[in-house]
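Here the sequence shown stands for residues 248 to 330, numbered as in this note's numbering.
Just so you know, even glycine gets a beta-carbon here, dropped at the ideal spot from N, CA and C.
Small disclaimer: the values here were computed from a predicted structure and weren't measured.
Take a look at the structure below.
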Amino acid sequence: MHAAFSNKAQQARIQALEEEVQALQTELGQGVDAEAIVKTHIKLLHRYNEAKDACQLLIGKLAQMKQTTLAQLHADLELPLGD
(Lines of atoms letter the chains of each structure in order from A and count residues from 1; the text may use other names and numbers.)
(Lines give C-alpha, C1' and ligand atoms only; values in the text may rest on other atoms or scores of the structure.)
Protein backbone atom coordinates (compact mmCIF):
# COMPACT_ATOMS: atom_id res chain seq x y z
CA MET A 1 0.00 0.00 0.00
CA HIS A 2 1.29 3.46 -0.87
CA ALA A 3 1.81 5.97 1.89
CA ALA A 4 -0.34 9.05 1.60
CA PHE A 5 1.49 12.36 1.41
CA SER A 6 -0.08 15.48 2.78
CA ASN A 7 -0.78 18.33 0.43
CA LYS A 8 1.81 20.38 2.32
CA ALA A 9 4.47 17.68 1.79
CA GLN A 10 3.59 17.40 -1.89
CA GLN A 11 3.85 21.17 -2.37
CA ALA A 12 7.20 21.21 -0.55
CA ARG A 13 8.48 18.42 -2.83
CA ILE A 14 7.26 20.24 -5.94
CA GLN A 15 8.97 23.44 -4.77
CA ALA A 16 12.22 21.55 -4.10
CA LEU A 17 12.13 19.98 -7.57
CA GLU A 18 11.42 23.32 -9.23
CA GLU A 19 14.39 24.84 -7.39
CA GLU A 20 16.58 21.94 -8.51
CA VAL A 21 15.49 22.43 -12.13
CA GLN A 22 16.26 26.14 -11.87
CA ALA A 23 19.70 25.45 -10.37
CA LEU A 24 20.51 22.96 -13.12
CA GLN A 25 19.32 25.39 -15.80
CA THR A 26 21.53 28.09 -14.29
CA GLU A 27 24.49 25.72 -14.27
CA LEU A 28 23.81 24.75 -17.88
CA GLY A 29 23.45 28.36 -18.94
CA GLN A 30 20.56 30.50 -19.99
CA GLY A 31 19.29 29.96 -23.49
CA VAL A 32 21.01 26.58 -23.81
CA ASP A 33 18.76 23.80 -25.06
CA ALA A 34 19.40 20.65 -23.04
CA GLU A 35 17.57 18.51 -25.63
CA ALA A 36 19.89 19.75 -28.36
CA ILE A 37 22.90 18.83 -26.21
CA VAL A 38 21.49 15.34 -25.65
CA LYS A 39 20.77 14.89 -29.37
CA THR A 40 24.32 15.96 -30.24
CA HIS A 41 25.74 13.62 -27.62
CA ILE A 42 23.72 10.70 -28.99
CA LYS A 43 24.86 11.52 -32.53
CA LEU A 44 28.49 11.55 -31.39
CA LEU A 45 28.02 8.23 -29.57
CA HIS A 46 26.69 6.68 -32.79
CA ARG A 47 29.73 7.95 -34.70
CA TYR A 48 32.05 6.59 -32.02
CA ASN A 49 30.35 3.18 -32.09
CA GLU A 50 30.55 3.01 -35.88
CA ALA A 51 34.27 3.86 -35.80
CA LYS A 52 34.87 1.34 -33.02
CA ASP A 53 33.02 -1.38 -34.97
CA ALA A 54 35.11 -0.63 -38.07
CA CYS A 55 38.31 -0.85 -36.02
CA GLN A 56 37.22 -4.15 -34.50
CA LEU A 57 36.61 -5.55 -37.99
CA LEU A 58 40.11 -4.49 -39.07
CA ILE A 59 41.66 -5.95 -35.93
CA GLY A 60 39.78 -9.18 -36.59
CA LYS A 61 41.11 -9.33 -40.15
CA LEU A 62 44.63 -8.60 -38.94
CA ALA A 63 44.35 -11.39 -36.37
CA GLN A 64 43.29 -13.77 -39.16
CA MET A 65 46.20 -12.70 -41.34
CA LYS A 66 48.67 -13.18 -38.49
CA GLN A 67 46.97 -16.41 -37.48
CA THR A 68 46.59 -15.31 -33.89
CA THR A 69 43.75 -14.66 -31.51
CA LEU A 70 42.04 -11.34 -30.96
CA ALA A 71 43.11 -11.40 -27.33
CA GLN A 72 46.75 -11.92 -28.29
CA LEU A 73 46.61 -9.18 -30.92
CA HIS A 74 45.07 -6.79 -28.41
CA ALA A 75 47.89 -7.62 -26.01
CA ASP A 76 50.53 -7.18 -28.73
CA LEU A 77 49.11 -3.77 -29.69
CA GLU A 78 48.53 -2.80 -26.05
CA LEU A 79 44.82 -2.37 -26.68
CA PRO A 80 42.17 -2.93 -24.01
CA LEU A 81 39.84 -5.88 -24.53
CA GLY A 82 36.81 -4.00 -23.19
CA ASP A 83 35.41 -0.56 -23.86
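Chain-order list of residues whose beta-carbon lies under 7 Å from that of ALA318 (same chain, five-residue window excluded): Residues of the same chain with a CB within less than 7 Å of the CB of ALA318, apart from the 5 flanking positions on each side, are LEU328 in chain order.
Apart from the five residues just before and just after PHE252, which ones in its own chain have a Cβ nearer than 6 Å to its Cβ? Non-local beta-carbon contacts of PHE252 in its own chain, meaning distances under 6 Å to residues more than five positions away in sequence, are absent.
Three-state secondary structure (DSSP) of LYS255: In the structure shown, LYS255 sits in a helix (DSSP, three-state: H, G or I).
Inter-residue spacing [alpha-carbon to alpha-carbon] between VAL268 and LEU326: Going by the C-alpha atoms only, they are around 41 Å apart.
Would you kindly work out how many angstroms separate the C-alpha atoms of ASP280 and LEU291, rounded to a whole number? One C-alpha to the other measures close to 17 Å.
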